[in-house]
Structure formats: structure tokens, C-alpha cells
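So in the numbering used here, spot 19 of the sequence shown is number 60, and the numbers just go up one at a time.
Backbone N, C-alpha and C define an ideal beta-carbon position, used for all residues, glycine too.
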Amino acid sequence: LAAYQAWGGYADHCVAKAGLAMATRALAGELAPSVRVNGIAPGTVLWPDEARFAEGSPARAAITARIPLGRAGTPEDVARAVLYLAREPFITGHTIVVDGGRLASAVGPL
């Protein structure tokens, strides 16, 4: 998400992410038609074994409060976006944001 919204104190991270987003678009044009280039920009993804983010924990509540769809992402959410891009032969040069609406709503700091 840092490619699309600046984070105070993380300029280097934001620049790197924005560069990857542009590389996705540029390479899509250069490598077409034989190669399609797309990206995934995941928001907060919680792994099941992260104890500090257990269901009902204050840390999890703080994260989900900023996500309009009311929950953090899962690895499966990201995998579905990857599968979608892999199956669609007429999509290239795009990055899909998988963040539960967090970037679109800009609810608090990312």
C-alpha cells in the first residue's frame, strides 16, 4: 500500500514500493505480448500462528478497526487475487490492491 500513500518516516519504503508498481506497468508494455506482468499489493495479512494477533486481542482490534471490511486479510485472500490474474489472459500492467478497502477509505494511518 505504500506505493499509493505516503507513510511518515518510511520514505525509502514508499519509494521502493512505488518503483515496483511502475516497473509492473513498464515491463508489461515491454514484454507483451509473450509475457504478462501484474502485481499484488496486499494490505494487512495476519498469519494464523501470530499469537499477538489472536482473535480478540487488542492488537488485532486496532488493526481491524482501520479496515472497512472489518477484518485483516488472510493468505487465501492474496492467493485468490493471484489466481484471478493467472487466469485472465487479457490483463497486464496492473496491480491489484487486496486490503479490505483500507487504502480506498484512508481510515487513519496505514
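#### Entry: Which listed residue (A106, I104, I81 and A102) has its alpha carbon closest to that of V119
Measuring from the Cα of V119, the nearest candidate turns out to be I81.
### Query
What number of angstroms, rounded off, separates the C-alpha of L87 from the C-alpha of P99?
The straight-line gap from Cα to Cα measures roughly 14 angstroms.
### Query
Who are the Cβ neighbours of R66 in its own chain at under 7 angstroms, not counting the five residues just before and after it?
The residues are G134.
### Task
State buried or exposed for D53, treating a residue as buried only when at least 16 other CB atoms are found within 10 Å of its CB.
Of the other Cβ atoms in all chains shown, fewer than 16 fall within 10 Å of the Cβ of D53; this residue is therefore exposed.
### Query
In or out: V139 buried (at least 16 other Cβ within 10 Å) or exposed?
It is buried - the Cβ of V139 has at least 16 other Cβ atoms within 10 Å.
### Query
Going along the chain, which unbroken runs of the alpha helix (DSSP H) with 4 or more residues stay wholly within the stretch 90-141?
For the alpha helix (DSSP H) assignment, the uninterrupted runs of no fewer than 4 residues enclosed by the stretch 90-141 are, from N- to C-terminal side, 99-105 and 116-128.
### Task
Consult DSSP for A82 and reduce its assignment to one of helix, strand or coil.
A82: strand per DSSP, three-state reduction.
### Query
Is A113 closer than 9 angstroms to G142 when the C-beta atoms are compared?
Not closer than 9 angstroms, so no.
### Task
Just tell me which of T85, L72 and A43 has its CA closest to the CA of A59.
For the residues T85, L72 and A43, the minimum Cα distance to A59 belongs to A43.
### Task
Enumerate in chain order the residues of its own chain whose CB-to-CB distance from P116 is below 8 angstroms, with the five nearest sequence positions on each side excluded.
Same-chain partners within the cutoff: V86 and W88.
### Task
Just the C-alpha distance for V148 and D90, rounded to the nearest angstrom, thanks.
With a pLDDT of only 49 at V148, under 50, the local geometry of the prediction cannot be trusted, and the value read off the model is given with reservation. One Cα belongs to V148, the other to D90, and the distance between them is close to 27 angstroms.
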